[in-house]
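Visitor: Structure in structure tokens, see below.
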Amino acid sequence: MAWFKKKKKPLPAAAEDRPRSTVPEGLWVKCDGCREVIYSKELKLNFRICPKCSHHFRIDAEERIRLLLDGPSKAHSTSVDPEDATAPPSQPEPVPADLFSRIQSTDPLAFTDSKKYLDRLKSYTEKVGSSDAVIVVDGTIEEIPVVLAVMQYRFMGGSMGSVVGEKVTRAAERALAAGKPLIVVSASGGARMQEGVLSLLQMAKISSALARLRQANLPYLSILTDPTTGGVTASFAMLGDLNIAEPGALIGFAGPRVIEQTIRQSLPDGFQRSEFLIEHGFLDMVVARPELKATVARCLRHFA
Amino acid sequence: MVLADNAFEEPLIELRRRIEELEGYPEGSDHAKELEKLRVALAKQTAEVYGSLNRWQKTLVARHAGRPYVLDYIDHLMEDWVEIHGDRRFGDDPAIVAGFATFRGQSVAVVGHQKGRTTKSRIHRNFGQPRPEGYRKALRVMKLAEKFSRPVLTFIDTPGAYPGIGAEERGQAEAIARNLIEMASLRVPIVVTITGEGGSGGALALGIGDRVYILEYSTYSVISPEGCAAILWKDQSRKAEAAEALRLTAPDLIQLGVVDSVIPEPLGGAHSDPEVTCQRVGEVIEKSLNDLAPLEIESLLAQRYAKFRALGAYEEK
Ligand SMILES: [Zn+2]
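So the protein lines, in turn, are chains A and B.
Using numbering that gives the first Met the number 0, read the first sequence as starting at 0 and increasing by one per residue.
Using numbering that gives the first Met the number 0, read the second sequence as starting at 0 and increasing by one per residue.
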């Protein structure tokens, strides 16, 4: 049994504005859940889950793809066995290339705040490596062929503009054309303000594509990770045949601060976390990261 | 603050007040000439003021409490109104009105955001901010319309979906998302008219259709100018700047390809003549229903898909 399971405490509700580490660079990293200091190598070997409190750290789109898809060398192992992973390869395994990396934003509003939008995009591309906030790939999950779209939270908070809208729509159309299941992993603060109403309409565009997938009786699984809010939740993230979330993820329509300002009272503990959503009937399951791939595969086998 | 923002309306209000005062005098008095002069002045000044409104000022016009709301359109344009209530799951949301009516000889489903005009009715309508049960009621009416082959008319005017604890508990996001996928698939014509504030996801949840129209001084945006200013500059008072940046007015929306056409408002905005406004909206809806009626349902759905599929601005390098 993997040692990440040994200790399970309820996840504390992290404040939305608390700075969160995603990919720890240093030797040691502080956990946002229990505030304990963790050896970053230990974290890495444990699916970036805190060994002390099971807090799921945010992970990159590439790491997520590695976690879900069958890798080139481990054709259909369900997940990395932590016992075997004591000596990890120095280079992470390559992930399939983004199918639609050539799609790029054009700054339709000529939007400038403290920085020009196009410059902002450029600096994110340099920093994060992807051309926008979602990556779409083909692959297999326990040998089941799927189209997988994974949002990249580090790219402008995973915000959804025209490029995210177009890429997720193409992912759905690709799944439809190939008769494959579609899996979308969400991690987003919502619509991208810098593209104004066009960002809003991406919700309609993606939902229209999902309607066609539904019409064709093809499975669509939505995986919600921390955080999934705003227009992403209010469109494709909530429309899965199954909605599956990671533990402790912030999931909601309005952001906690907006709600607090509106109702002028503080929010209850655990509000808008995965456990709150499953209790209210909006998720099918909350699945810990190490079991995610096997769970998705099991669901897909029931549907296809 | 609101007074200063609304300052552009003040000279017009003053002129209107004086005209009304003179109109109160008995006929045949020697005020006729003065009255005529004032009327000409009012028309001239209204044209000037409304001809040069900036985006923030248009946002204020879009929020004007004198604009027709969905119940006014029903009242002015339709007969045999039957309002239905409740989502059959939790409750009834007065921020959304839904039902059936006869519009120019045919039975139609009507769904729209409803705001109030008095303090009491504003609170009752929750300032036009729906909760999940409102969207679910709307969907229930749309599914009934599909069952009985009636076209759907939606009227959009909301600051946004309500951000509250209960709304989140009952799945605000799911309710909006559900409406999007169902409206994309609904097997009857849908005509959408944005009549005031098109506030974000709360507006879009009634916003998928075969035709999308907007009144001249209405807005449609991913976020309010105040919200945008608060995020960008941590300063709500820079809302006018934010409104410019967001490009949320009717001409902007035409340019961005988000709406099919703009319905002109009477001189001085919809609130200056609600009757004329309603009639103009009625003409446009009637024509579009006539255009959509002969289409086979599969080609209607294909066109609806293509319409929303095309939205967005990107390039492929
Ligand atoms: Zn911890």
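Glycine included, each C-beta is placed from N, C-alpha and C at the ideal position.
How should tyrosine 24 of chain B be labelled, buried or exposed, when 16 other C-beta atoms within 10 angstroms of its C-beta is the threshold for buried?
Guide: Exposed, by the Cβ-count rule.
Visitor: Can you give the Cα-Cα distance for arginine 87 of chain B and glutamate 168 of chain B, rounded to whole angstroms?
Guide: Rounded to the nearest angstrom, the two C-alpha atoms are 17 Å apart.
Visitor: Run down chain A in chain order and give the residues with a C-beta less than 9 Å from the C-beta of leucine 245 of chain B.
Guide: Chain A residues near leucine 245 of chain B: Leu108, Phe110, Met192, Gly195 and Val196.
Visitor: Can you tell me whether leucine 26 of chain A is buried or exposed? The criterion is at least 16 other CB atoms within 10 Å of its CB, across all chains shown.
Guide: With fewer than 16 Cβ atoms within 10 Å of its Cβ, leucine 26 of chain A is classed as exposed.
Visitor: Considering only the alpha carbon of each residue, which of B:Leu138, B:Tyr219 and B:Leu231 lies closest to leucine 185 of chain B?
Guide: Closest by alpha carbon: B:Leu138.
Visitor: Excluding the 5 residues preceding and the 5 following serine 76 of chain A in the sequence, name in chain order all residues of the same chain whose CB lies nearer than 7 Å to its CB.
Guide: Only weak support exists for where serine 76 of chain A lies, its pLDDT of 45 falling under 50; the coordinates are left without a value.
Visitor: Could you tell me which of B:Ile296, B:Ile230, B:Leu214 and B:Ala312 sits nearest to proline 265 of chain B, measuring between CA atoms?
Guide: Checked all of B:Ile296, B:Ile230, B:Leu214 and B:Ala312; the closest Cα to proline 265 of chain B is B:Leu214.
Visitor: Based on the DSSP output, what are the partners of serine 106 of chain B in its beta bridges?
Guide: According to DSSP, serine 106 of chain B bridges with B:Thr101.
Visitor: So, is the C-beta of tyrosine 72 of chain B closer than 8 Å to a C-beta in chain A?
Guide: No, because no Cβ of chain A sits closer than 8 Å to the Cβ of tyrosine 72 of chain B.
Visitor: Taking only beta-carbon atoms, is cysteine 277 of chain B less than 8 Å away from chain A?
Guide: With 8 Å as the cut-off, cysteine 277 of chain B does not count as an interface residue toward chain A.
Visitor: Do methionine 192 of chain A and cysteine 277 of chain B count as a contact pair if the criterion is CB distance below 8 Å?
Guide: In this structure, methionine 192 of chain A does not lie closer than 8 Å to cysteine 277 of chain B by Cβ.
Visitor: Would you verify that the beta carbon of serine 217 of chain B is, or is not, closer than 8 Å to some beta carbon of chain A?
Guide: It does not; no Cβ of chain A falls within 8 Å.
Visitor: Quick one: does glutamine 90 of chain A have its CB under 8 Å from some CB of chain B?
Guide: So no, glutamine 90 of chain A is outside the interface.
Visitor: Identify, in the order they occur along the chain, each residue of the same chain with its Cβ nearer than 6 Å to the Cβ of leucine 57 of chain B, setting aside the five sequence neighbours on each side.
Guide: Looking at the sequence itself, residue 57 of chain B is lysine, so the reference to leucine does not match. Around lysine 57 of chain B: Tyr216 and Thr248.
Visitor: Do the region 148-165 of chain B and the region 252-271 of chain A touch if we need at least three Cβ pairs shorter than 8 Å?
Guide: In short, these stretches touch, since the Cβ pair count reaches three.
Visitor: At a threshold of 7 Å, does cysteine 30 of chain A count as lining ligand 1 (C-beta to nearest heavy atom)?
Guide: Correct: cysteine 30 of chain A has its Cβ closer than 7 Å to ligand 1.
Visitor: Return the CA-CA distance between leucine 291 of chain A and glutamate 61 of chain A, expressed in angstroms with no decimal places.
Guide: Using only the alpha carbons, I get a separation of about 16 Å.
Visitor: As an exercise, report each continuous alpha helix (DSSP H) stretch of at least 4 residues that is fully enclosed by the region 54-139 of chain B, in chain order.
Guide: Entirely contained in the region 54-139 of chain B, the alpha helix (DSSP H) runs reaching 4 residues are, in chain order, 54-61, 69-76 and 118-123.
Visitor: By DSSP's criteria, proline 144 of chain A is part of a beta bridge. Which residues make up the other side?
Guide: DSSP lists A:Thr139 as partners of proline 144 of chain A.
Visitor: With distances taken from CA atoms, which of A:Ser207, A:Ala190 and A:Val231 is nearest serine 223 of chain B?
Guide: For the residues A:Ser207, A:Ala190 and A:Val231, the minimum Cα distance to serine 223 of chain B belongs to A:Ala190.
Visitor: Can you tell me which of the three DSSP states arginine 149 of chain B falls into?
Guide: If DSSP states are grouped into helix, strand and coil, arginine 149 of chain B belongs with coil.
Visitor: Could you confirm whether any beta carbon from chain E is found closer than 8 Å to the beta carbon of proline 158 of chain B?
Guide: Going by chain labels, chain E is absent from the structure shown, which instead holds the protein chains A and B.
Visitor: Kindly examine ligand 3 and report whether one of its heavy atoms sits closer than 7 Å to the Cβ of histidine 54 of chain A.
Guide: Judged by which ligands are present, ligand 3 is missing from the structure shown, whose ligands are ligand 1.
Visitor: Are at least three pairs of beta-carbons, each pair with one atom in the region 11-20 of chain B and one in the region 43-52 of chain B, less than 8 Å apart?
Guide: Judged by Cβ distances under 8 Å, the region 11-20 of chain B makes contact with the region 43-52 of chain B, as three or more pairs qualify.
Visitor: Answer with yes or no whether the minimum CB distance from threonine 261 of chain A to chain B is below 8 Å.
Guide: At least one chain B Cβ lies under 8 Å of threonine 261 of chain A.
Visitor: Could you compute how far the alpha carbon of proline 158 of chain B sits from the alpha carbon of tyrosine 304 of chain B?
Guide: Cα to Cα, the separation comes out at about 27 Å.
Visitor: How about phenylalanine 154 of chain B and valine 69 of chain B: do their beta carbons lie closer than 8 Å?
Guide: Yes; because the gap between Cβ atoms is below 8 Å, this pair is in contact.
Visitor: Report buried or exposed for serine 287 of chain B, applying the criterion of at least 16 other Cβ atoms within 10 angstroms of its Cβ.
Guide: Classification for serine 287 of chain B: buried.
Visitor: May I ask you to verify whether the region 157-167 of chain A touches the region 199-214 of chain A, counting CB pairs closer than 8 Å and requiring at least 3?
Guide: Short answer: they touch.
Visitor: Using 10 angstroms around the beta-carbon of alanine 86 of chain A, count the other beta-carbons present and answer buried if the total reaches 16, otherwise exposed.
Guide: The predicted position of alanine 86 of chain A is uncertain, since its pLDDT is 47 and thus under 50; no value can be drawn from it.
Visitor: Looking at glutamate 245 of chain A and ligand 1, is the gap between the Cβ and the nearest heavy atom below 7 Å?
Guide: No.
Visitor: Does ligand 1 have even one heavy atom less than 7 Å from the beta-carbon of cysteine 49 of chain A?
Guide: Yes, since a heavy atom of ligand 1 falls inside the 7 Å radius drawn around the Cβ of cysteine 49 of chain A.
Visitor: If we ignore side chains and look at the alpha-carbon of each, how far apart do serine 158 of chain A and phenylalanine 7 of chain B end up?
Guide: Each residue's alpha carbon lies about 36 Å from the other.
Visitor: How would you call phenylalanine 307 of chain B, buried or exposed, if buried means at least 16 neighbouring beta carbons within 10 angstroms?
Guide: Burial call: buried.
Visitor: What are the residues in the region 132-161 of chain A lying within 7 Å of chain B by C-beta distance?
Guide: Listed by position, the residues of the region 132-161 of chain A near chain B (Cβ gap below 7 Å) are Ser161.
Visitor: Return the bridge partner residues of arginine 246 of chain B from the DSSP annotation.
Guide: None, per the DSSP bridge assignment.
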